[in-house]
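Chains as they are written, first to last, in my numbering: chain A, 3 to 112; chain B, 20 to 132.
C-beta atoms are modelled at their ideal positions from N, C-alpha and C, and glycine is treated no differently.
Shown next, in structure tokens, is the structure this report addresses.
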């Protein structure tokens, strides 16, 4: 069945540094979504990518959808303590089924 | 505040108890979902309702029983649970099924003793 893998599982980042988290699907996706879950909180929708090679930016966050629509990345520049949390990708396949990855837990060191 | 309210926030129950989780959405959405979130695992979709009709059941044990009396309310009835059922149970809603973003509630942290 469809699998969505996220790497790394953990990311320790020094405040001010950049980092990237990756999402890979075993099947071609119709779209991909990203969510952020703060410690003790619930997942909050960040963005949806639909087109092959699409790139979207939200302030310091840059989201990219691969040309083959099987992978995606989230790049954060100049990390801040407010970026702490777990970032989930969720890929939707051609049948409409949404599959979440296990998430990348981000810890920011001041 | 996401417009999706879950109660209770925390629940401790014994294996012989019966309890219910409640979810209410104030967004006018047509689809509602139950997800299970366990540590270090992807979110697991349990049930999906669209316009009060169950549209997906992902092989969830019968000790979990959903109920959707109307498009704004969703319940998850629990009985004779196992300790491995301890997890965060998240309710979510979306405008419709398909290419829609999910709005999650704050979840119920369930501990089964």
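Between which residues of its own chain and residue 63 of chain A is the CB-CB distance below 6 angstroms, once the five residues before and five after are set aside?
Within its own chain, the residues whose Cβ lies closer than 6 angstroms to the Cβ of residue 63 of chain A, once the five positions on either side in sequence are excluded, are 78, listed in chain order.
Rounding to the nearest angstrom, what Cα-Cα distance links residue 50 of chain B and residue 71 of chain B in this structure?
Using only the alpha carbons, I get a separation of about 8 angstroms.
Per DSSP, what kind of secondary structure is residue 111 of chain A in: helix, strand or coil?
Note: residue 111 of chain A maps to strand in three-state DSSP.
Under 9 angstroms, Cβ to Cβ, is there at least one residue of chain A near residue 124 of chain B?
Yes, contact with chain A.
Which two residues bound the contiguous beta strand (DSSP E) that contains residue 87 of chain A?
That run of the beta strand (DSSP E) goes 87-94.
If you measure from the beta carbon of residue 99 of chain B to each beta carbon in chain A, is any gap under 9 angstroms?
No, because no Cβ of chain A sits closer than 9 angstroms to the Cβ of residue 99 of chain B.
Using 9 angstroms as the limit for Cβ to Cβ distance, is residue 120 of chain B near chain A?
Chain A contact via Cβ: present.
If you draw a straight line from the alpha carbon of residue 81 of chain A to that of residue 110 of chain A, how long is it in whole angstroms?
It is roughly 7 angstroms from the alpha-carbon of residue 81 of chain A to the alpha-carbon of residue 110 of chain A.
How many angstroms separate the CA atom of residue 23 of chain A from the CA atom of residue 16 of chain A?
Rounded to the nearest angstrom, the two C-alpha atoms are 15 angstroms apart.
Whose CA, out of A:21, A:102, A:98, A:69, lies closest to the CA of residue 92 of chain A?
Measuring C-alpha to C-alpha distances from residue 92 of chain A to each of A:21, A:102, A:98, A:69 identifies A:102 as the nearest.
Taking 9 angstroms as the threshold (C-beta atoms), are residue 111 of chain B and residue 1 of chain B in contact?
Since the displayed chain B opens at 20 and closes at 132, residue 1 of chain B lies outside it and no answer follows.
Does any residue of chain A have a CB that is nearer than 9 angstroms to the CB of residue 61 of chain B?
Under the Cβ distance rule, residue 61 of chain B counts among the residues neighbouring chain A, one pair being separated by less than 9 angstroms.
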